[in-house]
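Notes for the one structure printed next.
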Amino acid sequence: MKAATAQPNVSWTREAFDLFTLCCTKPLLAKVGRHAQNGGAAEPASTRLGNWYAAPVVVGKMSMVVCASEASFLPLVVKAAEPERLVERVTHLLGVLLRALEAPEDAIARELREMAWWQPAPTANASLLATITGYRRSVEHWFATKPGSWSLAELNENLATRPSALLEWRSPGERAVELLSAAS
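The numbering of the sequence shown is the working numbering, which starts it at 6 and goes up by one.
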């Protein structure tokens, strides 16, 4: 993935390229931040799902990162290994999840294309961090009750399709597809 200060093949103005911010908790920001050339306050995202928030979770011997979209609360769990590849894993699994949720393919392609430019920043939204804490507990429960074979794609789809009080008992997956469909 390209850091936000990389030079696109267009005008030098901020509006000329797409950008999202990965807002990380302090421990994660220390790891991810050294692999990006720019950081600071979160910029408004050009993506339909907005900026993303991320926090580490350790279950047993597995280190993962729980992420959530600021606009839809869509959760995404990825492996924590190789922090320099975190955004690459997020965009890959996001594409898998959005296809499973039957989002329009052109909207998925646009969202993933706009996520090529990113910057790290500290978290600033306490309610979204509380939501991520809930997702972390769900991940811990998943691993406690699902011994054997499973996939991150299966876990992500399970989390994305659970109704949320924050969304008036709709699921984050439904909200994400709604936001992406409006962009098509």
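By construction, the Cβ of each residue, glycine as well, lies at the ideal position given by its N, Cα and C atoms.
I believe residue i touches residue j by the beta-carbon criterion, under 8 Å. Please report the beta-carbon distance rounded to the nearest angstrom.
i: residue 88; j: residue 37; result: 5 Å
i: residue 55; j: residue 74; result: 6 Å
i: residue 157; j: residue 83; result: 7 Å
i: residue 116; j: residue 53; result: 6 Å
i: residue 51; j: residue 24; result: 6 Å
i: residue 64; j: residue 148; result: 5 Å
Can you tell me which of the three DSSP states residue i falls into?
i: residue 84; result: strand
i: residue 106; result: coil
i: residue 170; result: helix
i: residue 186; result: helix
i: residue 143; result: helix
i: residue 131; result: helix
i: residue 53; result: coil
i: residue 76; result: coil
i: residue 42; result: Here residue 42 scores only 45 on pLDDT, less than 50, and its place in the model should not be relied on; the value that follows carries that caveat. In the structure shown, residue 42 sits in coil (DSSP, three-state: anything other than H, G, I, E or B).
i: residue 91; result: helix
i: residue 61; result: strand
i: residue 100; result: helix
i: residue 36; result: helix
Would a C-beta distance cut-off of 8 Å place residue i and residue j closer than the cut-off?
i: residue 186; j: residue 78; result: no
i: residue 80; j: residue 164; result: yes
i: residue 120; j: residue 96; result: yes
i: residue 86; j: residue 72; result: no
i: residue 162; j: residue 102; result: yes
Identify the residues that DSSP records as bridge partners of residue i: which are they?
i: residue 25; result: 123
i: residue 175; result: 169
i: residue 70; result: 61, 83
Tell me whether residue i counts as near the ligand NAP, meaning its Cβ is closer than 7 Å to at least one heavy atom of that ligand.
i: residue 34; result: No copy of the ligand NAP occurs in the structure displayed, which carries no ligand at all.
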